[in-house]
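Read the structure below first, then the notes.
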Amino acid sequence: MSDSKTAIDISPDLAAPVAADKRTFGKRPLKTALFHFAIWAPLTAFIVALIVKGQGKSGYEFAIVIYTFITLRLLAQHISMSKLIYGKSDDRAFSPLGKAFNLVFGWIPKTVPEKFQMPIAGALYLALLITVACALPTTESGTIPQRLQSIAGMIVMTAGLYATSANRRAVNWRTVVVGFFLQLLIALFVMKTQIGVNIFNFLSNFIALFLEESKFGLDFVLGDTASNPFKYTFAVAVLPAILFFCSFITIVYYLGGMQYLVGKFAWLMVRLMDTSGAESVVAAASPFIGQGESALMVKPFVEFMTRSEIHASMVSGFATIAGSVLLAYVQFTGNSPQATSTILASCLMSMPGSLLVSKLRFPEEEESITKGYVKVPESEEKDANVLDAAAKGAAIGVQLALLIAGSLIAIIALYHCANDAVAWAFWMIQVNNWIDSSKSVSIELILSYLFYPFALCIGIAPESARKAGEFMATKMVVNEFVAYSQLSSVAFNNSITLSDGSHPLTGALDPRTVRLLTLALCGFANIGSIGIQLSIFGVIAPNRKKDYAELVLSAMITGTLSTWMSAAVAGALL
1 MSDSKTAIDI SPDLAAPVAA DKRTFGKRPL KTALFHFAIW APLTAFIVAL IVKGQGKSGY
61 EFAIVIYTFI TLRLLAQHIS MSKLIYGKSD DRAFSPLGKA FNLVFGWIPK TVPEKFQMPI
121 AGALYLALLI TVACALPTTE SGTIPQRLQS IAGMIVMTAG LYATSANRRA VNWRTVVVGF
181 FLQLLIALFV MKTQIGVNIF NFLSNFIALF LEESKFGLDF VLGDTASNPF KYTFAVAVLP
241 AILFFCSFIT IVYYLGGMQY LVGKFAWLMV RLMDTSGAES VVAAASPFIG QGESALMVKP
301 FVEFMTRSEI HASMVSGFAT IAGSVLLAYV QFTGNSPQAT STILASCLMS MPGSLLVSKL
361 RFPEEEESIT KGYVKVPESE EKDANVLDAA AKGAAIGVQL ALLIAGSLIA IIALYHCAND
421 AVAWAFWMIQ VNNWIDSSKS VSIELILSYL FYPFALCIGI APESARKAGE FMATKMVVNE
481 FVAYSQLSSV AFNNSITLSD GSHPLTGALD PRTVRLLTLA LCGFANIGSI GIQLSIFGVI
541 APNRKKDYAE LVLSAMITGT LSTWMSAAVA GALL
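For the sequence shown, full-length UniProt numbering assigns the number 1 to the initial residue and increments by one for each residue that follows.
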């Protein structure tokens with residue numbers, strides 16, 4: 001940081017908290033303990049009955065995971081987990097966790113010099129990835145050469161980020177290597193373990209049913225949508241789901257579930273990836289609440305963020321989608337369980353992925369005030385109750401739906417205007433579309449050649465790469481809604497469309513290309529989002545506007561590469 005920033009006195013609530021002397025057991029009054037037991041007991045009875053009679057049913061594994069999560073959450077209210085895990089000594093080296101870690105990994109620093117540790121870890125990661133790619137059976141979504149193509153693409157994109165790094169000597173390779181390992185573990189769990197497949201198939205079906213719930217409110221307002229002529233329009237099929245989900249997620253936020261979940265994901269990344277608390281919270285929150293808004297979760301820290309943290313926070317927003325629009329993308333994919341689980345996997349992989357690519361492109365060179373600890377500040381506005389939270393969430397959903405609708409109207413109109421100008425220019429010099437002579441030259445056709453090598457990098461076959469480049473170009477120049485809409489009309493035969501049909505996309509796409517594109521398009525990185533992020537960050541900390549303006553273009557491009565990197569990791573396993 002500059003001298004003017006380091007001279008600022010940081011208030012006590014922003015400084016790293018000092019460990020307080022608190023009891024290991026009995027942290028809450030007996031009345032609270034009994035209330036929590038009254039919640040836990042019937043849940044336990046249900047899980048016991050489920051284990052006895054419900055094995056093999058859809059959602060079985062998911063119910064076990066949720067029960068474990070709730071049990072640990074309730075225990076943490078009454079037992080100091082940190083003291084049980086770390087021990088009572090201030091010296092963490094003598095804690096139970098420290099002893100276990102040293103027992104398993106303690107030989108590494110004694111045997112391998114520090115400068116060789118990360119190169120060896122990187123080589124082990126690459127060897128593991130290649131071994132897994134070659135060991136997995138061939139499917140319609142991938143052969144061994146295609147998987148190796150995705151791995152080669154990962155190497156090319158990583159090398160490109162390193163070559164263009166703001167300071168190659170400052171790159172923290174622990175963040176990069178651990179980030180790759182976490183992405184691989186997430187991809188393996190979601191796509192290749194039976195438990196992961198079962199959980200995410202259940203979530204996919206649940207989301208499809210969840211999407212249908214908004215129909216009941218829509219029926220009341222517009223009448224029976226089954227006989228409504230606007231049933232398949234974007235405004236009727238997608239926007240109501242956004243309102244419904246915003247209301248739901250606000251209730252979860254009111255109950256504290258969102259803060260807890262984000263805090264635990266962030267804690268994991270801080271400990272494993274050596275990132276700061278603030279940027280880790282933003283990365284963990286972005287898949288749930290979206291670009292820019294995730295920075296509000298660490299609003300007190302934004303003004304004091306380093307430039308690298310600002311860049312990482314912006315990349316996290318560009319590299320993923322928000323939960324509020326997740327249902328819209330699911331609708332575009334025809335409620336396909338495989339496509340839905342792919343989108344969910346992309347959201348999870350973006351958490352470590354956005355940090356690893358950002359720290360390659362713009363490594364940390366300053367001292368962060370949140371280095372080594374995680375804190376999710378309390379919201380400045382408290383909802384009165386669950387109904388108040390639901391109402392405020394619906395109000396936020398209305399604003400978001402109107403913003404999306406208005407942005408789409410303006411951006412798509414401007415895009416078609418620009419497309420017509422390009423078509424006219426080529427028509428004047430008697431150049432027609434060289435792929436399909438019945439069509440005019442378009443922006444996405446020209447840009448498809450620029451995105452062709454990146455389509456190859458994520459693992460798409462050469463014969464489909466230029467076609468895939470059209471979708472990738474549309475996503476960056478216009479937005480992901482339009483790109484998914486066009487992909488939907490080609491791959492999923494879905495009747496929901498944003499296009500006016502003047503430039504229809506034709507031709508079949510193979511299953512691997514469709515799935516990789518579903519991953520590659522799953523992010524907010526587009527030109528229009530630059531303005532959104534600048535506006536939100538500018539409101540949070542106006543005195544850092546110069547830093548935001550200098551970093552936002554790099555963050556948008558890096559966020560795009562993060563999404564493509566996730567697609568390449570998945571491509572190595574498909």
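Note that the Cβ used here is the ideal one computed from N, Cα and C, for glycine as well.
C-alpha distance - residue i paired with residue j, whole-angstrom precision
| i | j | result |
| --- | --- | --- |
| residue 518 | residue 321 | 12 angstroms |
| residue 520 | residue 285 | 20 angstroms |
| residue 187 | residue 567 | 10 angstroms |
| residue 362 | residue 429 | 43 angstroms |
| residue 52 | residue 189 | 25 angstroms |
| residue 436 | residue 183 | 39 angstroms |
| residue 34 | residue 40 | 10 angstroms |
| residue 177 | residue 357 | 11 angstroms |
| residue 130 | residue 151 | 8 angstroms |
| residue 301 | residue 274 | 18 angstroms |
| residue 406 | residue 115 | 53 angstroms |
| residue 346 | residue 31 | 42 angstroms |
| residue 157 | residue 561 | 7 angstroms |
| residue 171 | residue 426 | 45 angstroms |
| residue 401 | residue 392 | 14 angstroms |
| residue 570 | residue 384 | 43 angstroms |
Span of the alpha helix (DSSP H), counted from its first residue to its last, around residue i
| i | result |
| --- | --- |
| residue 617 | Coverage of the chain is limited to positions 1 through 574, which leaves residue 617 absent and any answer about it impossible. |
| residue 53 | 30-53 |
| residue 177 | 173-192 |
| residue 408 | 386-428 |
| residue 169 | Note, residue 169: premise wrong, no alpha helix (DSSP H); not H, not E. |
| residue 528 | 527-540 |
| residue 272 | 257-273 |
| residue 303 | First-last for residue 303: undefined, no H or E at that position. |
| residue 469 | 462-477 |
| residue 457 | 443-457 |
| residue 321 | Here residue 321 belongs to no alpha helix (DSSP H), and DSSP marks it neither H nor E. |
| residue 285 | 277-289 |
| residue 485 | 480-487 |
| residue 520 | 511-520 |
Outcome for residue i when other beta-carbon atoms lying within 10 angstroms are tallied against a minimum of 16
| i | result |
| --- | --- |
| residue 544 | buried |
| residue 564 | buried |
| residue 549 | exposed |
| residue 486 | buried |
| residue 526 | buried |
| residue 449 | exposed |
| residue 359 | buried |
| residue 480 | buried |
| residue 438 | exposed |
| residue 364 | buried |
| residue 113 | exposed |
| residue 367 | exposed |
| residue 417 | exposed |
| residue 413 | exposed |
Coarse secondary structure for residue i, derived from DSSP in three states
| i | result |
| --- | --- |
| residue 115 | helix |
| residue 79 | strand |
| residue 439 | coil |
| residue 371 | strand |
| residue 59 | coil |
| residue 142 | strand |
| residue 201 | helix |
| residue 158 | helix |
CB contact below 8 angstroms: residue i versus chain D
| i | result |
| --- | --- |
| residue 309 | Among the chains in the structure shown there is no chain D, since it carries only a single protein chain. |
Candidates the options: closest to residue i by CA position
| i | options | result |
| --- | --- | --- |
| residue 484 | 514, 542 and 463 | 514 |
| residue 395 | 202, 58, 280 and 240 | 240 |
| residue 440 | 420, 185 and 274 | 420 |
| residue 263 | 44, 59, 283 and 411 | 283 |
| residue 326 | 561, 315, 149 and 343 | 343 |
| residue 175 | 451, 122 and 447 | 122 |
| residue 198 | 340, 120, 260 and 165 | 340 |
| residue 409 | 369, 528 and 298 | 528 |
| residue 512 | 463, 433 and 536 | 463 |
| residue 181 | 65, 258 and 127 | 127 |
| residue 370 | 271, 490, 557 and 382 | 271 |
| residue 160 | 454, 73 and 390 | 454 |
| residue 276 | 196, 372 and 296 | 372 |
| residue 294 | 533, 71, 63 and 489 | 533 |
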